[in-house]
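Add 367 to the 1-based position in the sequence shown for this note's numbering, that's all there is to it.
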Amino acid sequence: MTWVQYVLGIVTVLSAVVAVALVWRTVASMVSIIRLGQADGTRTGPFGARFATMLKETLGHTRMLKWSHVGVFHWLVMVGFGGLFLALIEAFVEVWNPTWHLPLIGEWGPYSLWVELLGVGTVVGILPLIVYRQVSNPARLGRASRFYGSHMGRAYFVEAIVFLEGVGILVVRAGKMALGAFDAPNWSTFVAGPLSTVLPASPNLVSVFAAVKVLSATLWLIVIAAKPTMGVAWHRFTAFPNIYFKREDDGRKALGNVKPMTSQGKVLDLEEADPDTDTFGAGRVEDFTWKGLLDFTTCTECGRCQSQCPAWNTEKPLSPKLLVNALRDHAYAKAPYLLAGGRKDMTGDEVGLTGDDAEARLAAIPEAAVKEAERPLVGGEDVLGVIDPDVLWSCTTCGACVEQCPVDIEHVDHIVDMRRYQVMIETEFPTELSGLFKNLENKGNPWGSNQKDRLAWTQDLPFEVPVFDGELSADTEYIFWVGCAGAFDDNAKKTTRATAELLHRAGVNYVVLGTEETCTGDPARRAGNEFLFQMMAQQTAEMLNAVFEGREPGTRKMVTTCPHCLNSLSREYPQLSQNGDGGGHYEVIHHTQLLNKLVRTGKLVPVADPDSSTNVTYHDPCYLGRHNEVYEEPRELVSAVGTLTEMPRHGDRSMCCGAGGARMWMEERIGQRINVTRTTEALETLSPAGGDGAAAAAGTIAVGCPFCRTMIGDGLTQKQAGGEGEQVQVQDVAQMLLASVRRGDSAVATPADEEATEGDVEQTTSAPLTENTPAGAADSGAADASASPEAAAGTVKPAEAPGDAVAEKATAAGATAPDADKSEVTTEMNDAAVEGSGKSPSDEAPADTAGPSEPPTGSTEASKESTGANGSGPKPETNGHARTDASSGTGEKGDSAS
368 MTWVQYVLGI VTVLSAVVAV ALVWRTVASM VSIIRLGQAD GTRTGPFGAR FATMLKETLG
428 HTRMLKWSHV GVFHWLVMVG FGGLFLALIE AFVEVWNPTW HLPLIGEWGP YSLWVELLGV
488 GTVVGILPLI VYRQVSNPAR LGRASRFYGS HMGRAYFVEA IVFLEGVGIL VVRAGKMALG
548 AFDAPNWSTF VAGPLSTVLP ASPNLVSVFA AVKVLSATLW LIVIAAKPTM GVAWHRFTAF
608 PNIYFKREDD GRKALGNVKP MTSQGKVLDL EEADPDTDTF GAGRVEDFTW KGLLDFTTCT
668 ECGRCQSQCP AWNTEKPLSP KLLVNALRDH AYAKAPYLLA GGRKDMTGDE VGLTGDDAEA
728 RLAAIPEAAV KEAERPLVGG EDVLGVIDPD VLWSCTTCGA CVEQCPVDIE HVDHIVDMRR
788 YQVMIETEFP TELSGLFKNL ENKGNPWGSN QKDRLAWTQD LPFEVPVFDG ELSADTEYIF
848 WVGCAGAFDD NAKKTTRATA ELLHRAGVNY VVLGTEETCT GDPARRAGNE FLFQMMAQQT
908 AEMLNAVFEG REPGTRKMVT TCPHCLNSLS REYPQLSQNG DGGGHYEVIH HTQLLNKLVR
968 TGKLVPVADP DSSTNVTYHD PCYLGRHNEV YEEPRELVSA VGTLTEMPRH GDRSMCCGAG
1028 GARMWMEERI GQRINVTRTT EALETLSPAG GDGAAAAAGT IAVGCPFCRT MIGDGLTQKQ
1088 AGGEGEQVQV QDVAQMLLAS VRRGDSAVAT PADEEATEGD VEQTTSAPLT ENTPAGAADS
1148 GAADASASPE AAAGTVKPAE APGDAVAEKA TAAGATAPDA DKSEVTTEMN DAAVEGSGKS
1208 PSDEAPADTA GPSEPPTGST EASKESTGAN GSGPKPETNG HARTDASSGT GEKGDSAS
């Protein structure tokens, strides 16, 4: 043994001892800090399901592989990091004895190949990641880089260490082979073998290589021990428990419902809660649960959430990554004060460090921690707030951050918790929300419209809309939940009318609740007014439970055109049972899911327009897509009536319209308007290749949400005012389907064959319409009155035979309904609700006539409150989007369902 080996051996041992001691101390400190959070007993079981999810998401890299070009390389690095532990142990001894290897398996071919693959994989994996970080360097790209605001120096350090570890294992093996001290099969050393031919046979060289490998590892441990907030390194350890303890034990993302408001580990009963002792949301960092603090600790600063955030992408101050990092840094800076027993009440007075020795105990706390404890969690620069109010209220709760986070951080829950405290305790919130809360409480809807007008959308329809009369018939399959927008917003009414007519044509037995309906409370909850949400939700659940009285679970079916209503009714109302109430358990589906079922089973037959081809792009509503994972059904319907072209951001990466999180009712004063940005993307998608950008766009922007329709419609109006998108319209998927179905009415009951057809619908095109050959839809969705006098007069005769008479007639003319054997519903929870929904056509299915003269929805210009002529309450802002029939902003031409 040479002096070089002695010196290097002693240095590596000492470094390892120091590293292990420091890491042990830091881990203990981190655990104690995380335990400062509120209790949460919902995260512990069941073990099997949670453990399986953890293995799937870590070893399978299911979240990382959403970005496959990065995910594959990161997987190689992850496997190399964990798999080379034995090689690191071996390197400790190789510093002292260069010819040593692990007993039994050291030169065994399969193990040697495994180590070789890990070494090569680590190098191959980290090099592209290094290049990618440089290509996306925020010093060059600014806010456009997802690494903007990340600690780049820390990332460079980690990347360098990973590279050294990968190279280290290869050169150590190569050095031993050059020395003739490593007799592994050639096929197991396909890189180290050739490399050994250029290295000298030197024992000291092997010791140096082994020492570099060991010291790089111990240096990494020492550095991260000194930086517990170094998420880019610590996530290698904390990601495993953070994924294991994710909110949903079945592995679902923390989307859909927000978590209930809890205090001391229990769901808070707002009727008995005491603000002096109970926690209302999060007003201090210690008010978050321990899982929240673990979330903050685990953030890798990868910036995936930031890159997808609609607020950040429109020049607003909110970045989910920077918000989480700010909370993490604040928690760890304040921790010495909290661990010493410090605590302040809501007025800011010290209530933790009291008694005769209070001053001495306070003096023992580092001054920086005491100052950190003085900072409010939410506040402006003037009070040194941790989170600026503009950051907090810019969130649309679209869920893009949660969808993309590879370590399951629950951003939306944390933001809503902070909003809860601001609204219910501090009463600090955007002034526009005052009108929203008042209207919800007094009028039962965000617009403040009169309850008696909830059935105004049924006026002048050529068929009778069945209304609940106090008892639900056994034949009634669905409650059609219209929602506030569907009842009061002029454009949303068109979707409601179109859906009602389609259900009528298909013979679906349904009823609407009319004046029994009130708002589900979604905007109140997203705005942080949990008390108002609980009040509205309990009232609505009691009403629905009474309507469904006597019906078993699985038969309490509802269909709605509003994804926000769908989400509240299906995801959040079951939570009410945690408060000791009965809760609301219903099978709720979106109208596109039911309509897709009806098309597949031949109850509705879309017919192509032979004279035009409609180019369509579909905008995924956040609360239908990311929050409830309904992606395919709307697309299948769109493809049946038009040529679908996807926007660059679609599916689970779709950009929000800007209306969620109660942003519909708040003015957008910072940066670009989210709805205009999204509309621009849609127009560019609809523009022909080589055309003059958005100015040459033509076609339809399809939506599946009344809020999205408002936002995209108003964005289109703004673009059209500038000469762009003049040949584009915004329509709900139901309107497009109705226009296509109506097109078949032109072949019904002509004088020559009236007796034979008895109202059956024929396809008007010579080419068959199939699911795989999307046909063009009408540009406006209006029925061609000139094609059929009967259709124009709204007197189309129904088919007498039950079942598929309409489909059979259309098929005889060449139309083909989509394959009914394909999967109809994308989420397992909706399978049962959709099954069996198709029924035979009803006795009357006349076409819709021109729409009624509908009153304005009552929404107002920004920052105005007024009282309508009908005596309605104050009107909140709707993001600056006033609604009138004449200025709807949809750009629609002759809407069919008006």
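Idealized CB from N, CA, C, for every residue including glycine. Note that the structure is predicted; figures quoted are calculated from it, not measured.
Residues near residue i in its chain [Cβ-Cβ closer than 6 angstroms; skip 5 each side]
i    : result
L933 : T927, V955, H957
L375 : V462, S574, A578
T466 : A548
R873 : According to the sequence displayed, residue 873 carries Ala and not Arg. If we look at A873 and ignore the five residues flanking it on each side, its Cβ neighbours are L965, K970, L971.
Cβ shell of residue i (< 8 angstroms), same chain only, five flanking positions each side left out
i     : result
E883  : F835, M910, V914
A740  : K701, Y704, L705, G709, K711
C1075 : H986, P988, C1024, A1026
R392  : A592
Test item: CB-CB of residue i and residue j under 7 angstroms
i     : j     : result
L929  : P1073 : The displayed chain sequence assigns Cys, not Leu, to residue 929. Cβ atoms of C929 and P1073: closer than 7 angstroms.
H602  : V783  : no
V482  : A454  : yes
R417  : D616  : yes
A1069 : V1005 : yes
R695  : F663  : yes
G319  : E682  : Residue 319 falls outside the range modelled here, since the chain spans only 368 to 1265, and no answer is possible.
E770  : R993  : yes
A545  : S479  : no
C672  : K658  : no
T667  : A383  : no
G1080 : V1097 : yes
L690  : F898  : no
E745  : Q675  : Per the sequence shown, the amino acid found at residue 745 is Val instead of Glu. For V745 and Q675, no; Cβs fall outside 7 angstroms.
Simplified DSSP state of residue i, which is helix, strand or coil
i    : result
N571 : helix
A847 : Note that residue 847 is Phe in the sequence shown, not Ala. If DSSP states are grouped into helix, strand and coil, F847 belongs with the strands.
S840 : coil
Y877 : strand
K924 : strand
H931 : helix
V390 : helix
V444 : helix
W814 : coil
N912 : helix
K683 : coil
H428 : coil
S512 : coil
Strand pairing of residue i, partner residues [DSSP]
i     : result
Y985  : A1069
T656  : Q405
Q1098 : A1069
G632  : D407
K711  : E717
T1010 : N982
V966  : DSSP output for V966 lists no bridge partner at all.
V745  : I754
E954  : K924
V1043 : Per DSSP, none; premise fails for V1043.
V834  : V879
Nearest candidate by alpha-carbon position, reference residue i, set the options
i     : options                 : result
P733  : R1036, D716, K701, D724 : K701
P413  : F612, L962, T644        : F612
S1266 : M1033, H778, G486, E748 : Residue 1266 lies beyond the residue range present for the chain, which begins at 368 and ends at 1265; the question has no answer from this structure.
N680  : T629, A640, C768        : C768
M903  : E916, T885, A640        : T885
L759  : D645, D749, S686, R1040 : S686
G881  : L822, N912, F900        : L822
P920  : Y990, E844, A852        : E844
L426  : N1042, G449, E868, I472 : G449
A852  : N912, C669, M1031, T564 : M1031
Residues near residue i in its chain [Cβ-Cβ closer than 7 angstroms; skip 5 each side]
i    : result
K626 : R614, D780
A693 : V753, I754
P495 : F440
G438 : H428, M431, L432
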